[in-house]
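Numbering (this note's numbering), first residue to last: 8 to 165.
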């Protein structure tokens, strides 16, 4: 069977209906001659209920019914898209609001637990303070003499 596409006659020997024109680099359907299109939300040329679908794949004998069904499916998808978009935006706003309220509370609880775990009994704190007053250590800085680093030892004063 010969078909005329872009004033060029083509013949399919076997295989699927997907054709590729080497002159204009276009993919098209052998059965209907339409360009193959694909939109993620709306389907492609091989989808039965897509508006881009091949007329020979779904109700080829009744074009009016095919157009009405495909148009209804397309219209439904068009009407659902803004509703889904608004639901996604509302869900994002709710998550953001909960995060704003919950994060300070959560971090406050973590800080409180950290302080409770790191608390040292009062007797131990006083003992450390007394020992640190009695044990005064002077740390001397590094001294460089003639390009050599010399470390001075720590001295303790009692």
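From the three backbone atoms N, C-alpha and C, an ideal C-beta is built for every residue, glycine too.
Cβ neighbour criterion (16 or more within 10 Å) applied to residue i
i           : result
residue 57  : buried
residue 48  : exposed
residue 77  : buried
residue 7   : Examination of residue 7 is not possible in this model, given that the chain is present from 8 through 165 alone.
residue 103 : exposed
residue 60  : buried
residue 36  : buried
Start-to-end residues for the beta strand (DSSP E) that takes in residue i
i          : result
residue 28 : Where residue 28 is concerned, there is no enclosing beta strand (DSSP E), given that its DSSP letter is neither H nor E.
Bounding residues of the alpha helix (DSSP H) (the contiguous stretch that carries residue i)
i          : result
residue 35 : Looking at the DSSP string, residue 35 is not in any alpha helix (DSSP H); the run it does join, the beta strand (DSSP E), is 34-36.
Where residue i falls: helix, strand or coil (DSSP)
i          : result
residue 66 : coil
residue 50 : strand
residue 9  : Residue confidence is low: residue 9 scores 47 on pLDDT, short of 50, so the model does not pin down where it sits. Its coordinate-derived value is still stated next. Residue 9: strand per DSSP, three-state reduction.
residue 74 : helix
residue 45 : strand
is_contact[residue i, chain B] using C-beta, thresh 7 Å
i          : result
residue 53 : Among the chains of the structure shown, chain B does not appear; only one protein chain is present.
C-beta contact flag for residue i and residue j at 7 Å
i          : j          : result
residue 42 : residue 33 : yes
residue 24 : residue 38 : yes
residue 64 : residue 55 : yes
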